[in-house]
Structures are given as C-alpha cells and as structure tokens.
Amino acid sequence: MGSAYAEFQAGKKGLITPGKFADMVLLDQEIFSVPPECLSKRMRSLLALFVLAVNLCSAVAFSQDVNGEASRIQDHVLGIDGHNDTVQHIIYENVDLANRLPDGMIDIPRLREGGIHAPFFALWVPTYYSGSEAVRRTLDLRDAMQRVLDRHRDQIELATSAHDIERIVGQKKIAAVLTIEGGHQINNDLAVLRMYRHMGILAMTLTHFRNTDWGDSSTDKPEHNGLTDFGKQVVREMNAIGMIVDISHVSDKTFYDALQITTKPVIASHSSCRSLSDVPRNMTDDMLRALARNGGVVGVSFAAAFLNQEDADELKRKVSSENAVEPNLTGAALDERATKEYFDDKHQLQVGHATVEDAANCIDHAVKVAGIDHVGIGSDFDGISLVPRDLEDVSKVPNLTAALLKRGYSERDIRKIMGGNFLRVIQQVVGE
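The numbering used here puts the first residue of the sequence shown at 7, with every later residue one more than the last.
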C-alpha cells in the first residue's frame, strides 16, 4: 500500500498520525514532560489548543492522502460495476454518452473519473411489457446500445468474455457488458434466451418486480413456490450457453431453487444486506453465506433505501400508497406509458439519508459474512431515484474506495471488491 494507508495503520491507535505534524510535537516533547502543576492555566490552555490544532492539521493531511490514494487505486484496478440502467437514458432521451451529461449518473467521462472500466449495462423492460412486446422492447434497447457502440468505437466496445474486458480496458476504452433485467423478456422461450446470448448478452436476472410465469419475485405475492420446472430449465440452459444467472429481484425461495440447480457461480448484481436495511430486495446473512458456497458474488447496490433503514421505511410508505395495477396496452401506447414513467421517476431524483459510509458499512458486513472473494459493487445508477450523499454518480466511486481504505482494507482487497470478483465469475461462467 501507499504512504497514506501505511500512516493510517501506524497511527490509528493514537490521536496524532505519524508525519511532519507529529514530528513538530516530538521536537517539543520536553514541554509535555513538565508537571501540569508547574504550568499556568493560560499555558495549559495554549498547549491544549496547540495539540488540537496539530491533530486537526494531521487529520486533514491524512484525509487528503487517503483520497489521493483512493483515486490512484481506482484508476489502476479493473473497475466493474455489476448493474446500471443507463440504456434507459439513451433510449428515452437519445443522449450521447461520450459527453459529460448535464444530468444522469453515468456517461463515459464520469466512468473514467470514477475508475469504472467495465460497466454492466442492463437492457431493462418494465414488467407490464409481456409476451412478444417484451421481446420487441428488449431488441429496441439492444439497438439503442449498438448505436452508441458504433458511434464511439474509439471509446467504448462490447465485451463478450473476460479476455475481451481485459483487452478493451488495456486499450484505454470502456468495456460494455450487456445484461437482461427480467426473465419475462424471454417470453417463456429458451430459443429467445439463446438468441440474446448470441447478441452478446452475458447475464439475466430471473425476475424483476413481478413474478414471471416460471419464477417468483421478491416484490410480488408468491405464486410458484420458487421456480417452476420450466424455471429450472432456464437455469440449466443459462449454464449450458455460458450466461450468468442473476438472482437480484428474486424471492428467497427462487434464490435457493436456483442455487440448487445451477452448476456455475451466480451473481446478485445489485442487492445489499437485509440485516442493515430490511427490504425484500436485499439478501439475508444466510443467503450471503449460500452465495459464497456457490462461488458467486453480491454487487452491493447504491440505492439509498437498500443501505439505510430510514430511507427503506420511506420507500415502504411510498410503495404502499401506489397503485400497482399494470396497464393493458400494446405497441406505441405501451412505449408512451414507459416514457412517461421514466420522466416521472427522473424528476423525483434526490439525495437520501444514506451516505457513502452506509455503502461502506454494507460492503463491510457482506465481507464479514460472505468473505472478501464474494463481494462487489452493483450501483444501479440511472435506475434509482434516491442516492447516497457523496455517491451521487459513478464519478464519486473513489469516495467509496477512500472509505474502505480508512477501514483498513488493503489494495488487494479493494481490487477484488471493485471488479476482480465479478471478473472471476465471468471467467468461470462465460469463459476466457
């Protein structure tokens, strides 16, 4: 590790961090050996203020060193974010990701600033798209992303293997990994699943907010007691074609069914810890341990409500007051509904009670329960309306790295959390 981390490790037991400010105190250590009764009240006050000033200056210097070290580390790791919804930003607003956008949480300049070199771009279709409409909309999203790839070949490239990711990042470009967010998007057809894989899509969440015809969601009433026989076929087929099973959004029973069937590691691309924020989208400690035994990875989500119980309680109150009836629309009318929903959600974007420290707390807890080899990040940027303070967009990821450094995480640990663990799963499931 660099000097900041070494100073932290050496000085964390005392108030004064080793360095030039501490040296100033050591030069005058004779002063502090004088019995207190021999000093005037005024002198004791001045000395107390001096020590306080030294400690404050030392703390500021240490903080600056840690932030600099965090930026250096984040720039040199192979940064992987396991989930974002930025393709929604592209399809609804036709934004150019090569530019720093006036709003939104991810673009190419911000990715570079944040040290995220291989983001997972989710092709998410709302669950009120069903059947062939869900497939059509998935293809619309895939086409929108392809236009970005074609337009900016010198800055971003599709990655369909672990080797691709390493090669593309080595060329100083963004390695775009594509995923599907919801099993309803295959229209109950394994041929559609295989088609998606041929289109370069590397992972799929089994459900989204609602149950599919073959699997239960964490945010819907149980209907199938986990996975149906066809749902289990989906998992087996994903293993066979080298597609990563993503268990974010699924019910607890669906999670355990998937682990029983799969022969490959799975991921929870954007989930957090239920013991810290009690929402069904988060994972229990038992689930984290089971995921670790499978060899999988949880990508800690940056959704404020998944990190902070106060934000979670506010989310529960909001959801309980909403009308959950989904529209019976098709074609252009369905797309218009989705567009309105997108802009309504966008206008609700705000900073929650959670901070970057809550994200670090969640990572810390997941590491303690599942182990350092089974934790990553899955921001859900551009898909969340309530973000943590100091982690408002992808350019702020070094703030999280700094928070982990302050907690004693080594550079090797951070390399795993910030991308190495996800890369391993890609190697094991998709291949080199």
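C-beta: ideal position from N, C-alpha, C; glycine also.
This structure is a prediction, so every number in the text was calculated from the model and none was measured.
Just to confirm before moving on: does the CB-CB distance between residue i and residue j stay below 9 Å?
i    : j    : result
V101 : G88  : no
D258 : S281 : no
M151 : Y202 : no
L297 : A376 : yes
A168 : I273 : no
V183 : L129 : no
A339 : Y135 : no
I96  : V154 : yes
A360 : P404 : no
A372 : L265 : no
E417 : I79  : yes
E187 : D252 : yes
I162 : T185 : no
V141 : G189 : no
R118 : I180 : yes
V304 : G382 : yes
R143 : D341 : yes
Leaving aside the five residues before and after residue i along the sequence, list all residues of the same chain whose C-beta is less than 6 Å from its C-beta, in chain order.
i    : result
L321 : A311
N194 : D219
S254 : T211, A274, S275, H276 and S277
D91  : A128, W130, D388 and G389
G237 : W220 and G221
P228 : D222
S77  : P404
E316 : H359
V233 : The question names Val, yet the displayed sequence has Leu at residue 233. If we look at L233 and ignore the five residues flanking it on each side, its Cβ neighbours are G221, T260 and D263.
Can you check which of these residues, the options, is closest to residue i by C-alpha distance?
i    : options                   : result
A318 : D170, S283, M293 and N300 : S283
G74  : G437, I432, L411 and R418 : L411
H204 : R116, G85 and L164        : L164
K346 : K238, T185 and Y98        : Y98
S391 : L355, V256, E398 and R418 : L355
L103 : R157, V436, V431 and D149 : R157
E139 : G358, I192 and V240       : I192
P271 : D379, G337, T166 and V357 : D379
D370 : I162, C279, H230 and K352 : C279
Q433 : A76, G301, T144 and H123  : G301
V72  : P125, A246, I423 and Y415 : Y415
G176 : H123, I423, R148 and I267 : H123
D235 : I267, V431 and I247       : I267
How many whole angstroms separate the CB atoms of residue i and residue j, which I take to be in contact at a CB cut-off of 8 Å?
i    : j    : result
A309 : D226 : With 8 Å as the limit, A309 and D226 do not qualify as a contact, their Cβ atoms being about 18 Å apart.
A365 : V325 : That belief does not hold up - the Cβ atoms of A365 and V325 are roughly 22 Å apart, past 8 Å.
D399 : V362 : With 8 Å as the limit, D399 and V362 do not qualify as a contact, their Cβ atoms being about 12 Å apart.
V256 : T290 : V256 to T290, Cβ: 13 Å. No contact.
G85  : G425 : 5 Å
Please work out which residues of its chain come closer than 8 Å, Cβ to Cβ, to residue i, disregarding the five sequence neighbours upstream and downstream, and give them in chain order.
i    : result
D81  : G121
R106 : D113, P115 and R116
G337 : E139
N231 : D222 and K259
D438 : Residue identity differs from the one stated: residue 438 is Glu in this sequence, not Asp. Excluding residues within five positions, the ones whose Cβ falls inside 8 Å are S167, A168 and H169.
R413 : A366 and D370
V285 : A311, F312, A318, L321 and K322
For residue i, does the count of other Cβ atoms within 10 angstroms reach 16, so buried, or fall short, so exposed?
i    : result
F428 : buried
K402 : buried
R116 : buried
A408 : buried
T269 : exposed
R323 : exposed
E36  : Residue confidence is low: E36 scores 42 on pLDDT, short of 50, so the model does not pin down where it sits. No coordinate-derived value is stated.
P4   : Nothing about residue 4 can be read from this structure; the chain reaches only from 7 to 438.
G384 : buried
K178 : exposed
R287 : buried
K422 : buried
P125 : buried
Who are the Cβ neighbours of residue i in its own chain at under 7 Å, not counting the five residues just before and after it?
i    : result
E509 : Here the chain covers residues 7 to 438 and nothing more, so residue 509 does not appear.
F261 : I253 and M293
I420 : I79, V83, T407 and L410
L335 : R343
Answer with yes or no whether the minimum CB distance from residue i to chain D is below 9 Å.
i    : result
D386 : Of the chains in the structure shown, none is chain D; there is only one protein chain.
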